[in-house]
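Chains as they are written, first to last, in the numbering used here: chain V, 7 to 310; chain P, 7 to 310; chain S, 7 to 310; chain R, 7 to 310.
Reviewing the structure listed below.
Protein chains: 4
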Amino acid sequence: MSDRLQQALADIDAELRASTDWGQVATYIPELARVPLHQFAIAVASAEGGLYSAGDADTGFSIQSISKVFALALALGRSGDQLWARVGREPSGSAFNSIVQLEYERGIPRNPFINAGAIVTTDEILAHRPPREALAELLTFVRTAADDDTIFINDAVAASERSHGHRNFALANFLYACGNLKNAPELTLGTYFHQCAIEMTARQLALAGRFLVAAPGMPRLISRARMRRLCAIMLTCGHYDASGDFAFRVGLPGKSGVGGGILAIVPGRASIAVWSPGLNANGNSKLGTEAMERLAAAMDWSVF
Amino acid sequence: MSDRLQQALADIDAELRASTDWGQVATYIPELARVPLHQFAIAVASAEGGLYSAGDADTGFSIQSISKVFALALALGRSGDQLWARVGREPSGSAFNSIVQLEYERGIPRNPFINAGAIVTTDEILAHRPPREALAELLTFVRTAADDDTIFINDAVAASERSHGHRNFALANFLYACGNLKNAPELTLGTYFHQCAIEMTARQLALAGRFLVAAPGMPRLISRARMRRLCAIMLTCGHYDASGDFAFRVGLPGKSGVGGGILAIVPGRASIAVWSPGLNANGNSKLGTEAMERLAAAMDWSVF
Amino acid sequence: MSDRLQQALADIDAELRASTDWGQVATYIPELARVPLHQFAIAVASAEGGLYSAGDADTGFSIQSISKVFALALALGRSGDQLWARVGREPSGSAFNSIVQLEYERGIPRNPFINAGAIVTTDEILAHRPPREALAELLTFVRTAADDDTIFINDAVAASERSHGHRNFALANFLYACGNLKNAPELTLGTYFHQCAIEMTARQLALAGRFLVAAPGMPRLISRARMRRLCAIMLTCGHYDASGDFAFRVGLPGKSGVGGGILAIVPGRASIAVWSPGLNANGNSKLGTEAMERLAAAMDWSVF
Amino acid sequence: MSDRLQQALADIDAELRASTDWGQVATYIPELARVPLHQFAIAVASAEGGLYSAGDADTGFSIQSISKVFALALALGRSGDQLWARVGREPSGSAFNSIVQLEYERGIPRNPFINAGAIVTTDEILAHRPPREALAELLTFVRTAADDDTIFINDAVAASERSHGHRNFALANFLYACGNLKNAPELTLGTYFHQCAIEMTARQLALAGRFLVAAPGMPRLISRARMRRLCAIMLTCGHYDASGDFAFRVGLPGKSGVGGGILAIVPGRASIAVWSPGLNANGNSKLGTEAMERLAAAMDWSVF
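Rendered as structure tokens:
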């Protein structure tokens, strides 16, 4: 497989670099807005142990909402199914930062991958330990999954996020008012902003995703049943109100971040990371989504 | 596999018949309301060609919304991707018959499996031929898939549905007012009500589902790429606002009907049909959902 | 007062005819779409018994939603306060034909002046007699109020409305599905479309509005308390989602129709009718609203 | 009038004190929750200069949202009609603290009397001077209107409000994220919480309301045109989603507060203040609303 896969990655990199429309870099925080647009990376960690990549695969980027996957795994490991009393697992049909659904459903976010649900997930982690330890534990989880201790949190990004995060402050205060936040909004958000500011390269992210691949030799951080459930939530909710489209076009569980990264899992076979900072109208990486679609087609990778 | 599978079906049948809570039979049309509650059937058509079943697997039931899967396959076959200009493919986050999303999104239903989207799909089929021929063609599709010419449309159910279908009349008239219905509401709904009134046994439905299994020997009615896409929509949208939960618990693309049936696909391996007329709060078969979860666990069947 | 009033009307007519923007004629039914745009009329029936007018005050127009005022008076006369179990009396904050609020509030329209609420009001009238008699009674009410037996229903408009009334069919079927329509949707809507097709001149409409003026010599068709309540609903709900703006700018209870007419009441003093078929973005007569604002200012007429 | 009015107040006080259901004291902040339930006051300042009262008319209470009337008058005085670019003047059809409408309408609150609109109004006042001066100016406005320099802001209530105001923090942060807050959420809310914590007796509030009465001898703080407009907004929006009901039952412009107070205006004739801390389901004073209805009926006071 390795030659075919390496060739596919090289082809995709070459084809996509010829794109005339690279999307728009996220502008909601200055630290993301200044990332150069014309960058693209793709990396695959295979179940056989190989790591393949093309493009800017050693350039670090802010994983942003992809961190919600790791945080959810951690929260479920600590709190188990009682987390589901605080957050649902249904697609929301709304934008990532919508507050409408939250009001109609009295403070229970639809799923852990919209911002409100991710804030609740982080708040649940904080029920077991203080912020500093919680972040350390999350970072340890990610580093263990990626087998790479150099992965770090970009404090400048976290600070930028805090100073421009009014919509998240709105969500957290609303959750608190509904009785679905255990810690002060500032405290939970402080942790949440740092979690989103984890920085990785595409190669690191592909390696970190291996804990969901379910194959011998992969890091075993959660049970097989939980892997399946996490993948199910990624497939139905991982791309906000474009989740259905990603399932339709790519057919793999995935999670995108506003920094331009996407992590996708081929159960039993591979972990894929792509990155390109330009976003499409739904807030997902434009070239990243296209790369996922091409790779899935080229390798005949689909869960369906 | 056959012995293990047959044993699993028998076990599930035995266990679920001991249930104290069988849910509630749908009451919105008289023909469904009078179906006896305590019935259960499960059937599996395997890629190897076997057909296995347990329970009331030769009792006919109204497939209702499961017909949307066949109608969508037919509409895509005729109209191709231009159907997607009229209906989305995102989970709706709403109940099956909600009109709210339709108003906010100006008459474009979220996906083909909520009622509004299914009405548009049927309307698209009618663009190519009159109602009688359209229904004949749909029935031929289903009979070919199941290799069974005895499958029929229950006219009494269709008539009952028409005389109690005010909410569907609301949806169709709203779609028409938004310019997203090509035929008169009465005409499209007349066809839609008949489509929903297709009657099958669990064994017949399991056989009919084989066109989505993607394995040698299965009826080949649509392309491999389209199979994957249909399965993707089933996984993200097949159980209304409990789609995420079905993906989480069962991990298979499925489609439920208010008659108590559920069709699920194990790509490359099997087509599963369950039936029990009692519904849960989301309008999906209560025992049927539980049976799917048990069977998927017992056979280690999951796309994830 | 009479000279000053007559002068004010003449001035307003002269000023508004110099307008460069007359709004847009309603296009949703052909019969309204073909009404010539550049028409304007204003008429005032004073408590002293005078009738003053300017412009095209003898040209007939379709009163459309202004009929809801007469229908509500009639329904309250027959059913009394039990009507309020079926329809609220709060501003809706939504467009006149929105179905969203109806779904969230389970089939109870916000007030009798949005379409859904008016359909329920007409349906309530039909609880007491068949459509033909109900329409005759409504017409008698209007003719008595105006003291003019030549007022009639324009059947061509009613027919046009029926054949293009899909959104109203959506509302009526939705109401029926919620259990808040006693008659078949077709029957209630048939009556409703005829009610909306009542035709009057501005002079006739000003006279017809006198039953709400509460002064000696005015036609006494309803109690003083009910006059106040009807005026209250007109002020808070009479201009759909521009009701607050009309109260702010004009300060009088009023009701607009999509045919370009507006009826306003100066309690104890006068009934005002204006008409100009061009509508503004909210679906209210553009010049009509401006004329009301100018007249209220010129005569120092405001309830506040 | 004075004897008849004094008798009416005494009768209402006597009748309402016999009530078995006094509603529920607001519980959302501790300072309000501990106010004894069985209190009632009514006071009227007439255009002729009299001040009449009954019940606990010298007991101070927190005016809460009634302060929005004074703040709006002040903001309009400073900014004029440009305020309307930031906030609408339509009834919202929603609860006082809803965030749903705000998201659908991109951060423009429906009117200045729902919380979001009041926060914007306060923010506008702060555009002209710092918080301390803004509060001083508002207090001066109120004291001048009431001709009473002892009116004060209860700092304990303001502090309690701040520590329990998560929903208001959600609204303010949301407004900020939409670009419709000029100051930091904490700063605007700090001012807003103090404004709401103004304390008055019913007699003081009746006197303070005289600036809206429009009669010789009344304090003239704003223009006649602006009085009318403020009254129009009070009538259409003054009681949240029960505004239509208040207009229907009482027929006067009014504004309620969660502390149990209501201020109503009889244009040209009187300013009425009632207070009873128990609220009804809509968050308006239960006995207060009843008292207003009885007084309006007894004195034949209605704008309609």
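The C-beta atom is built at its ideal place from N, Cα and C for all residues, glycine as well.
C-alpha of V/Ala16 to C-alpha of P/Cys237: approximately 30 Å in a straight line. The beta-bridge partner set that DSSP reports for P/Ala212 is empty.
Looking at V/Ile278, V/Ala133, V/Asp62, V/Arg40, the one whose alpha-carbon comes closest to that of V/Ala20 is V/Asp62. S/Pro136 counts as exposed, since fewer than 16 other C-beta atoms from the protein chains shown sit within 10 angstroms of its C-beta.
In the displayed model, P/Trp307 falls within coil according to three-state DSSP, outside both helix and strand. Beta-bridge partners assigned by DSSP to R/Ser25: none are found. Within the stretch 150 to 171 of chain R, contact with chain S at the beta-carbon level (separation under 7 Å) is assigned to no residue. In the displayed model, V/Tyr58 falls within a strand according to three-state DSSP.
Neighbours of P/Glu96 in chain V, taken as residues at a C-beta separation under 8 Å, are given in chain order as Pro97, Gly99, Asp247, Ala248, Ser249, Gly250, Asp251.
Going by beta carbons, R/Val256 and R/Met298 fall inside the 8 Å limit. Leaving aside the five residues that flank S/Glu167 on each side, the residues in its chain whose CB is nearer than 7 Å to its CB run, in chain order, Ile35, Phe199, Cys202, Ala203. P/Glu192: member of the alpha helix (DSSP H) spanning 191 to 202, first to last residue. The closest CA to that of V/Asn286, considering only V/Arg300, V/Trp307, V/Asp251, is found on V/Asp251. Just so you know, the alpha carbons of S/Ser104 and S/Met206 end up roughly 27 Å apart.
Assigned with DSSP and collapsed to three states, R/Leu236 falls in helix. DSSP places V/Ala220 in the coil class of the three-state scheme, outside both helix and strand. Think of a sphere of 7 Å around the beta carbon of P/Glu109: the chain S residues whose beta carbon falls inside it are Ser104, Ile105, Val106, in chain order.
Judged by their CB atoms, S/Phe254 and R/Ile228 are not nearer to each other than the 8 Å cut-off. The beta carbon of S/Leu80 is closer than 8 Å to those of Ile131, Glu143, Leu144, Phe147 in its chain, skipping five residues each way along the sequence. Assignment of R/Phe147 by DSSP, reduced to helix, strand and coil, places it in the helix class. The three-state reading of DSSP puts S/Ser169 in helix, counting H, G and I together. The alpha-carbon of V/Ala183 is positioned some 11 Å away from that of V/Glu109. Boundaries of the beta strand (DSSP E) around R/Gly260: 260 to 262. Listed along chain P, the residues sitting closer than 7 Å to S/Ala183 by beta-carbon distance are His172, Arg173, Ala176. For the 8 Å CB-CB criterion, V/Ile125 and V/Leu82 do not form a contact.
A contact is defined here as three or more CB-CB pairs under 8 Å, and the stretch 50 to 60 of chain S meets this definition with respect to the stretch 270 to 278 of chain S.
The bridge partners DSSP lists for P/Gln70 come to none.
Beyond the five residues adjoining it in sequence on each side, S/Leu241 comes within less than 6 Å, by CB distance, of Ala253, Pro259 in the same chain, given in chain order. V/Lys292 and V/Leu269 have their C-alpha atoms some 14 Å from each other. When the five nearest sequence neighbours on each side are left out, the beta carbons in the same chain lying within less than 8 Å of the beta carbon of V/Ala39 are those of Val31, Ala32, Thr33, in order along the chain. In terms of Cβ geometry, S/Gly244 and S/Phe76 do not form a close pair [threshold 8 Å]. Remark: C-beta atoms of S/Ala220 and S/Pro273 approach each other more closely than 8 Å. Within its own chain, the residues whose Cβ lies closer than 7 Å to the Cβ of S/His44, once the five positions on either side in sequence are excluded, are Trp28, listed in chain order.
The Cβ atoms of V/Glu96 and V/Arg112 lie no closer than 8 Å to each other. Close partners of V/Asn121 in chain R (Cβ separation under 9 Å) are lacking, with about 12 Å as the shortest Cβ gap. Around the C-beta of P/Thr26, fewer than 16 other C-beta atoms lie within 10 Å, and the residue is accordingly described as exposed.
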